[in-house]
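Respectively, the protein sequence lines represent chains A and B. The first sequence begins at 38 in this note's numbering and counts up by one. The second sequence begins at 10 in this note's numbering and counts up by one. Backbone N, C-alpha and C define an ideal beta-carbon position, used for all residues, glycine too. Read the structure below first, then the notes.
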Amino acid sequence: MNTADDCRLVVNQVGKQYGKKTALSGVSFEVGPGLYGFLGPNGAGKSTLFGIISGYIHQYAGSVLIPEVSQLHPVRVGVLPQAFSGYGEMKVGEFLLYMASIKAPSVPREEAVKDMNEKLSVFHLTEKKNMRLRTLSGGQLRRLGIAQAFQYNPAVVLLDEPTTGLDPEERISFKNYVAEQSEKEIILLSTHIVSDLEESTKEIFIMNNGRLLLSGQEEELLAKVRGKVFLVTAPSETELYRKVGSYKISSLSSDGELRARVVTDGTVPCPGAAPVQADLNDVYIYTQMASGHQQG
Amino acid sequence: MLHAEFSKGRKWIRQIIGIVLALAAAVGLLCLCTYQSFVTTDSGYKDVSGIKGLSEYVSFVHDRSAGIFDDNKLQAMLSEYKENRKTMSVEDATLVFNQKHPEYESVLSNLYDDEFSAAGEVDPDHYDFAILTGKPDLADAFFRTIEEYADATYYSKAEITYADRRAASVSSSFQKGIRFDVTDHWLTYMSAKSYFSIILAFLACFLAARLYCSEKENGMNRIMVTAGRREHRRISRGKFATGALLLAFLYAAGELLLYLLILRPYGRCGWNSPVQIAGVYYSSFYKGTLGQLYVFALPGTLVLILSIYAVACLVSLLCRNSLMAIVMSAAVTMLPTVLGENGGLMETRWYNHLMNALAFTNLDPSFVLQNYSSFGFGGSRMPAYPFAVLLSGIIFLAAAVILPACYRRSMQV
Numbered sequence: 038m039n040t041a042d043d044c045r046l047v048v049n050q051v052g053k054q055y056g057k058k059t060a061l062s063g064v065s066f067e068v069g070p071g072l073y074g075f076l077g078p079n080g081a082g083k084s085t086l087f088g089i090i091s092g093y094i095h096q097y098a099g100s101v102l103i104p105e106v107s108q109l110h111p112v113r114v115g116v117l118p119q120a121f122s123g124y125g126e127m128k129v130g131e132f133l134l135y136m137a138s139i140k141a142p143s144v145p146r147e148e149a150v151k152d153m154n155e156k157l158s159v160f161h162l163t164e165k166k167n168m169r170l171r172t173l174s175g176g177q178l179r180r181l182g183i184a185q186a187f188q189y190n191p192a193v194v195l196l197d198e199p200t201t202g203l204d205p206e207e208r209i210s211f212k213n214y215v216a217e218q219s220e221k222e223i224i225l226l227s228t229h230i231v232s233d234l235e236e237s238t239k240e241i242f243i244m245n246n247g248r249l250l251l252s253g254q255e256e257e258l259l260a261k262v263r264g265k266v267f268l269v270t271a272p273s274e275t276e277l278y279r280k281v282g283s284y285k286i287s288s289l290s291s292d293g294e295l296r297a298r299v300v301t302d303g304t305v306p307c308p309g310a311a312p313v314q315a316d317l318n319d320v321y322i323y324t325q326m327a328s329g330h331q332q333g
Numbered sequence: 010m011l012h013a014e015f016s017k018g019r020k021w022i023r024q025i026i027g028i029v030l031a032l033a034a035a036v037g038l039l040c041l042c043t044y045q046s047f048v049t050t051d052s053g054y055k056d057v058s059g060i061k062g063l064s065e066y067v068s069f070v071h072d073r074s075a076g077i078f079d080d081n082k083l084q085a086m087l088s089e090y091k092e093n094r095k096t097m098s099v100e101d102a103t104l105v106f107n108q109k110h111p112e113y114e115s116v117l118s119n120l121y122d123d124e125f126s127a128a129g130e131v132d133p134d135h136y137d138f139a140i141l142t143g144k145p146d147l148a149d150a151f152f153r154t155i156e157e158y159a160d161a162t163y164y165s166k167a168e169i170t171y172a173d174r175r176a177a178s179v180s181s182s183f184q185k186g187i188r189f190d191v192t193d194h195w196l197t198y199m200s201a202k203s204y205f206s207i208i209l210a211f212l213a214c215f216l217a218a219r220l221y222c223s224e225k226e227n228g229m230n231r232i233m234v235t236a237g238r239r240e241h242r243r244i245s246r247g248k249f250a251t252g253a254l255l256l257a258f259l260y261a262a263g264e265l266l267l268y269l270l271i272l273r274p275y276g277r278c279g280w281n282s283p284v285q286i287a288g289v290y291y292s293s294f295y296k297g298t299l300g301q302l303y304v305f306a307l308p309g310t311l312v313l314i315l316s317i318y319a320v321a322c323l324v325s326l327l328c329r330n331s332l333m334a335i336v337m338s339a340a341v342t343m344l345p346t347v348l349g350e351n352g353g354l355m356e357t358r359w360y361n362h363l364m365n366a367l368a369f370t371n372l373d374p375s376f377v378l379q380n381y382s383s384f385g386f387g388g389s390r391m392p393a394y395p396f397a398v399l400l401s402g403i404i405f406l407a408a409a410v411i412l413p414a415c416y417r418r419s420m421q422v
């Protein structure tokens, strides 16, 4: 029987070419149970990487080692794809039982029903059990997608943009559940929303152009941009962009006047710019800047 | 898995059942409504059409022609016709003959028309009757013609020898007398059956695409790939069985509708008539009755449709979306037939043999026995239709084995 120590996901020099286009190149990491965040713009290679780990992408370079099925993890991999629609004509409960029968056919039906009820309860779908999937709202469908990804506590869970369509309350609930599950499962979470990863991730991977640009714990990453983030204020947009120049804005807010967080190479962008504490969003912008990617 | 597949497609399966049964009824009614023929009256010919016309025709012909038809009766009718020809024109002699023997008119008046016989030209549609009745002069003309064809493309020497042997066999049975009866309703039924089968062939392509491409279209394949190989086999078997069962059910229900619409009200006679009696089978060497043909063609057509479905499933496995799968499946299963019929390829022997083996070609029941073309494998003749059904059965079983083995791979990119 596998123990938590045996539960390691090893990705070794993984690459993928689509014709002449390189979707993924030389990606390597090894992780144990915990939550791991993958940040990167569209086309960075996150979905390709998840596709390879899940087995969706058949031919690729390198190797991927996934923990075997064990009593603790009757399912090896659980997946929530970026676009999840399920089967519109199935009922919620029926859908979960069907997915359970595919993922772990050897698990007795009573176990499947117990697991289903638990997931319905966690994701606030108990009342929707007998509703058809096509009648669910976007947020409810997303929660169902997440629920099926966690069926039977898979050894590895791949969540591609899981919080899209979730309201703030659901997002918090999701974060709490993921944090709890990450103690015994390897959870890889791909997102554009940096706040999804704050405080709960064991390690963050920042990707662009099919490569891993940066990885590390939240604190390590924040240290890389310390002293490189400034708050710039201006009465108008024109004035703000004049002040910021060629540096990148990581976030913008308005409080009578415009307030922008600006990421630089350490240079003070303009007179009056005040250094501020960096957050993950700044790290993300800094990394993209460093890799030459032009974000708006 | 069967239950799961039906659950996934509850809505569209219900819609499909409704649409197909409505189409089956529409096809049956359309064939009845467009029925056209004529009956002879004292003053000449009278056109009859539609449902009422068919009823009228059935009553008219059945009263006069039904019964045992043998060599003596044939000779008596021929003498009568030839006697009339001495004093009447071809048209008048034909009219008089038809008033008395309506069902035989179309065959005999052409066969024994002096002008045709003198020129040695016999209407090819009536060769069968030459064989059926064993008339040596007409049989000779028939074989001369197919030998000429043989030199060009169509028949092989082995086929001619076989035809000769079969002709002798059929002729001998004719000496004992055959049941001759009204058969127009058979043509109406066969026509409706043919259209309905083509509808099912298209449905087979649609079902295959819907079942095998839906996961790839809605992104569920990204989740499904995480399941084991054994589960993928189960899923694929469930999908394959769902489509096959649905097709079998719709075929049975549609056939029942056609039976109730056409054969039940009009098919009270003709079941024991030889197949040659129905116009479309003039040139068949088959010895069976229309009733036997009906019983044989019922499961036969289902096997043909299932093989089209099996091929469509294999094609759909390779496609990423339903529309592409439907177009590709239709092209693979139907295009050879369409090209053959419209592109002149039927003139080449290899293509003709290929056509005879195709499921879609044989969906037209008139093809079942009409040509009885052979494959001539090893010089021995094989009946085309049974061979096509056998081949279709093998294709279906092969697909049932191949599909589960390849299903998981088809979910991946």
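With a threshold of 7 Å between beta carbons, A:M153 makes no contact with chain B. Three or more Cβ pairs closer than 8 Å define a contact, and the segment 13-32 of chain B falls short of that threshold against the segment 83-95 of chain B. B:L302 is the residue among B:E264, B:Q421, B:M233, B:L302 whose C-alpha sits nearest the C-alpha of B:W280.
For B:R19, the C-beta contacts it makes with chain A under 7 Å involve E126, in order along the chain. For the C-beta of B:I207, not a single chain A residue is nearer than 8 Å; the gap to the nearest is close to 28 Å. When Cβ-Cβ separations below 7 Å define contact, A:I139 makes contact with chain B. The straight-line gap separating the alpha-carbon atoms of A:Q177 and A:D316 is approximately 30 Å. DSSP places A:D197 in the uninterrupted beta strand (DSSP E) bounded by 193-197. In the same chain as A:G123, and ignoring 5 residues on each side of it, the C-beta atoms closer than 6 Å to its own belong to F132, L170, in chain order. Residue range 285-292 is occupied by the beta strand (DSSP E) that includes A:K285, with no alpha helix (DSSP H) assigned at that position.
Separation of A:M153 and A:L134 (C-alpha to C-alpha, rounded to the nearest whole angstrom) is 7 Å. Secondary structure of A:P312 (DSSP, three-state): strand.
Identification of residues in the segment 21-34 of chain B having a C-beta nearer than 7 Å to some C-beta of chain A yields an empty set. Two segments are said to touch when three or more pairs of C-beta atoms, one from each, lie closer than 8 Å; by this definition the segment 366-374 of chain B touches the segment 397-407 of chain B.
When the five nearest sequence neighbours on each side are left out, the beta carbons in the same chain lying within less than 8 Å of the beta carbon of B:L326 are those of Y221, L412, C415, Y416, S419, in order along the chain. The shortest C-alpha to C-alpha distance from A:F87 to any of A:V114, A:P145, A:E235 is the one to A:V114. Identification of chain A residues near B:R231 by a Cβ-Cβ cut-off of 8 Å yields G88, S91, Y93, V116, P118, ordered along the chain. Assignment of beta strand (DSSP E) within the segment 62-139 of chain A, counting only whole runs of 3 or more residues, yields 71-76, 98-102, 114-117 in chain order.
Close to B:N227, with beta-carbon spacing below 9 Å, are these residues of chain A in chain order: A120, F121, S122, G123, Y124, G125. Per the coordinates, the alpha-carbon of A:D233 lies some 7 Å from the alpha-carbon of A:K212. Proximity of A:P142 to chain B, defined by a Cβ-Cβ separation below 7 Å, is satisfied. Collapsing the DSSP output to three states places B:N281 in coil.
Between B:L212 and A:S291, the alpha-carbon positions lie close to 59 Å from each other. Ranked by how close their Cα comes to the Cα of B:R242, the residues A:M168, A:P142, A:L250, A:E148 have A:P142 in first place. Sixteen is the threshold: since fewer than 16 other Cβ atoms of the shown chains lie within 10 Å of the Cβ of B:N330, the residue is exposed. The three-state reading of DSSP puts A:Y189 in coil, since its state is none of H, G, I, E or B. Put simply, of A:K57, A:D302, A:G52, A:L102 the residue whose alpha carbon is nearest the alpha carbon of A:K83 is A:G52.
Contact between B:G18 and B:L266 fails: their C-beta atoms lie close to 23 Å from each other, not under 8 Å.
Put simply, of A:V231, A:N246, A:L117 the residue whose alpha carbon is nearest the alpha carbon of A:A81 is A:N246. For A:Y135, the nearest CB of chain B lies under 7 Å from its own CB, placing it at the interface with that chain. Between A:A120 and A:A137, the C-beta spacing is not below 7 Å.
For the options B:I208, B:P395, B:E240, B:R94, the alpha carbon positioned closest to that of B:L259 is the one of B:I208.
Considered as a whole, the segment 199-274 of chain A harbours 205-218, 255-261 as its complete alpha helix (DSSP H) runs of no fewer than 4 residues, in chain order. Against chain A, the CB of B:A407 has no partner CB under 7 Å away; the residue lies outside that interface. The C-beta of B:I335 has 16 or more other C-beta atoms within 10 Å across all chains shown, which makes the residue buried. When DSSP states are grouped into helix, strand and coil, B:K17 belongs to the helix group.
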